[in-house]
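In this note's numbering, the protein residues as written are 25 to 296.
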């Protein structure tokens, strides 16, 4: 029975890894390094393209946020930046110049929503890891910094999903690699060009013991209501996995998007 469960778990993990790899899966570890031939966008502004992989080497060019470089190779040299030991990459700039750039100054990827480009990079303070998001408006960039409960994720874009007044949404979709790790995600709404950190939803489970899952159901989703966001929270205890003996509780609450925030507070606890 245990062997069968292990095979099933490994198969599921492989499938998830493959799926997320296809969807620009990100993490701070070596496995998520930029690859040779990859086109990568600049996250920083006036980023120094250097003659060698050193913070003291000569500067060839200053790269603007949103410009792109092609990765040639990852070097063995690094420099501490924003809480991480960041590697230098040898890159080719679009005018044919070859040089070196610190990896922490390159965007994990670029997402485009309603004609606006968004760029992403990690930072770390103590043990807390953050995702920094920048978008350029009228030649200047705005930055949003959000705390991550799981540093393995991909980034998705959505339209307004039926919510009046929204330009669209960004969603940080966590990838849970182990039991007890958060597999939920973070919603950020775009309204009048401004990015708003709206909600962090959690999905956690311990195989054969319990599960906790939160989700938003939008007006355009199956089961959605006009102009409302349904917050659904489901929790369960598993008494006997072989007979699917499970105790489950479900809470559903209607939320409204008003004056740039959700109302009422979706984190409010149900009365006893």
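Each residue gets a CB set at the ideal place from its N, CA and C atoms; glycine is no exception. These numbers were taken from a predicted model, which means no experiment stands behind them.
The Cβ neighbour count for residue 238, taken over all protein chains shown within 10 Å, is at least 16; the residue is labelled buried. Bounds of the beta strand (DSSP E) holding residue 110 are 108–117. The beta carbon of residue 133 lies closer than 7 Å to those of 48, 144 and 179 in the same chain, with the five residues before and after it left out.
Taking each of 86, 194 and 259 in turn and checking the Cα distance to residue 276, the smallest one comes out for 259. Between residue 227 and residue 245, the C-beta spacing is not below 8 Å. Rounded to whole angstroms, the Cβ separation of residue 197 and residue 138 is 20 Å, and the two are not in contact under 8 Å.
Collapsing the DSSP output to three states places residue 127 in a helix.
The Cβ atoms of residue 52 and residue 175 lie closer than 8 Å to each other. Using a Cβ-Cβ distance cut-off of 8 Å, the region 55–66 and the region 94–104 are in contact, since at least three pairs of beta carbons, one from each stretch, lie closer than that value. In the pairwise beta carbon analysis, the region 140–156 is classified as touching the region 106–115: at least three pairs are separated by under 8 Å.
In this chain, the beta strand (DSSP E) harbouring residue 192 covers 192–198. Contact between residue 214 and residue 130 fails: their C-beta atoms lie close to 23 Å from each other, not under 8 Å.
Residue 115 sits buried, since 16 or more C-beta atoms from the chains shown fall within 10 Å of its C-beta. Taking all protein chains in view, the Cβ of residue 287 is surrounded by fewer than 16 other Cβ atoms within 10 Å, so the residue is classified as exposed. Under the three-state reduction of DSSP output, residue 55 falls in the helix class. For residue 102, the enclosing beta strand (DSSP E) has its first and last residue at 92–105. In summary, residue 127 is buried, with 16 or more beta-carbon neighbours lying within 10 Å of its beta-carbon over all protein chains present. Taking 8 Å as the cut-off, the Cβ atoms of residue 168 and residue 157 count as close. Among the bridge pairs identified by DSSP, residue 70 is matched with none. A straight-line Cα-Cα distance of about 9 Å links residue 209 and residue 173.
Per the C-alpha coordinates, the member of 92, 91, 103 and 89 positioned closest to residue 80 is 103.
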